[in-house]
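Residue numbers (our numbering): 1264 to 1580.
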């Protein structure tokens, strides 16, 4: 299921041109996995909450959600699918809900650990507002001034503020056999803005084999307080990378990765990997600076570039 990009572009424009053209939400603090379009599930699981704006395609294997959520007295919507679900088996753990907007083509729906969980059909579901929030948030993070440095595989922050912000090129960070470390000093939040502009082919990122995230990237504090903002990438192959921290890639189709420790948001994901139940702990500063108008138009242009590239790829198939 393809989300209407013209509709999304309109939502993004309204969001970015509004009176509060800044980080509008912490959607990554609510969901473990957010996909604007399809989840082509080939194995693994999503241990927290999932929001899928397109279809869930999981033929040939059981798709499992919510295994690390709290087992509360009231069922929550552990997995929401705006489109169709096609699978042999769906397992929703911790006595929670499966919500879907399209057709339920599933051999077995298993709602575990009690009798509160339910399969709920809601054809009014939409991903439009969340998609616009993700784009606005990505634009906001990309607009932040650099406060840290990156050299010789080390992200280094020596400032006194609560946010460490890095701006790097994908080709510099994810080269073959890269060993990356992080010193975030007194910072509480780490934002790593990754540009795909210089990647080959342009805007498509393939992480080199043997890339490892080491000192400073490990542990629950890191998983919940580091964000990788791939603000201009249109496709990402994480290869064998064990990703530490949350991923925000609102223009990118994605695949690969050894595992993901953090929230994950993209256009789509294809693969058999585990999304561990960590979300991004971030509260927008009450005095957050608005995105300068040139940056707003740059993000809007980026969205149009994505639409044009997507249409060309379809035409070439």
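Glycine residues also receive a C-beta, built at the ideal position from the N, C-alpha and C atoms.
From residue i to residue j, what distance separates their C-alpha atoms?
i            : j            : result
residue 1490 : residue 1498 : 18 Å
residue 1436 : residue 1373 : 42 Å
residue 1358 : residue 1313 : 15 Å
residue 1305 : residue 1438 : 27 Å
residue 1335 : residue 1310 : 15 Å
residue 1541 : residue 1329 : 12 Å
residue 1503 : residue 1477 : 15 Å
residue 1341 : residue 1412 : 39 Å
residue 1408 : residue 1458 : 14 Å
residue 1322 : residue 1470 : 28 Å
residue 1481 : residue 1523 : 12 Å
residue 1483 : residue 1366 : 37 Å
residue 1584 : residue 1509 : One cannot answer for residue 1584 here, as it falls past the ends of the chain, which runs 1264 to 1580.
residue 1302 : residue 1456 : 25 Å
residue 1296 : residue 1339 : 15 Å
residue 1364 : residue 1479 : 41 Å
residue 1318 : residue 1421 : 44 Å
residue 1473 : residue 1351 : 34 Å
residue 1326 : residue 1353 : 5 Å
residue 1493 : residue 1291 : 14 Å
residue 1440 : residue 1539 : 24 Å
residue 1388 : residue 1454 : 31 Å
residue 1392 : residue 1517 : 21 Å
residue 1543 : residue 1394 : 17 Å
residue 1378 : residue 1431 : 49 Å
residue 1419 : residue 1545 : 20 Å
Here's the rule I'm using: 16 or more other beta-carbon atoms within 10 Å means buried, otherwise exposed. How should residue i be labelled?
i            : result
residue 1513 : buried
residue 1300 : buried
residue 1424 : exposed
residue 1384 : exposed
residue 1415 : exposed
residue 1428 : buried
residue 1449 : exposed
Mind checking which residues open and close the beta strand (DSSP E) that includes residue i?
i            : result
residue 1399 : Taken as a continuous stretch (DSSP letters only), residue 1399 belongs to no beta strand (DSSP E), being part of the alpha helix (DSSP H) at 1391-1406.
residue 1432 : 1426-1432
residue 1455 : 1452-1458
residue 1522 : 1522-1524
residue 1467 : 1467-1469
residue 1547 : Unbroken run through residue 1547: none, as it is neither H nor E.
residue 1532 : 1527-1539
residue 1383 : 1382-1384
residue 1506 : 1505-1507
residue 1292 : Unbroken run through residue 1292: none, as it is neither H nor E.
residue 1319 : 1319-1328
residue 1363 : 1360-1363
residue 1302 : 1302-1309
Can you find the residues in the same chain that come closer than 6 Å, C-beta to C-beta, to residue i, ignoring five residues on each side of it along the sequence?
i            : result
residue 1557 : Since pLDDT at residue 1557 reaches only 46, below the 50 mark, its modelled position is unreliable, and the value read off the structure follows with that caveat. For residue 1557, where only same-chain residues beyond five positions count, there are no Cβ hits under 6 Å.
residue 1382 : 1361, 1372
residue 1468 : 1433, 1459, 1462, 1496, 1499
residue 1525 : 1486, 1508, 1509, 1541
residue 1505 : 1521, 1522
residue 1368 : 1349
residue 1444 : 1417, 1477, 1478, 1479
Between which two residues does the alpha helix (DSSP H) holding residue i run?
i            : result
residue 1487 : 1483-1488
residue 1355 : Looking at the DSSP string, residue 1355 is not in any alpha helix (DSSP H); the run it does join, the beta strand (DSSP E), is 1348-1355.
Spatial neighbours of residue i within its chain, please: C-beta separation below 8 Å, excluding the five flanking residues on both sides.
i            : result
residue 1451 : 1425, 1426, 1488
Just to confirm my understanding: we take residue i, look at its own chain, exclude 5 residues before and 5 after, and list those with CB closer than 7 Å. What are they?
i            : result
residue 1442 : 1416, 1475, 1477
residue 1390 : 1266, 1299, 1316, 1345
residue 1331 : 1310, 1311, 1540
message: Contact between the segment 1393-1400 and the segment 1506-1520 is defined here as three or more beta-carbon pairs at a separation below 8 Å; is this criterion met?
response: Yes: the two stretches touch, three or more of their Cβ pairs being nearer than 8 Å.
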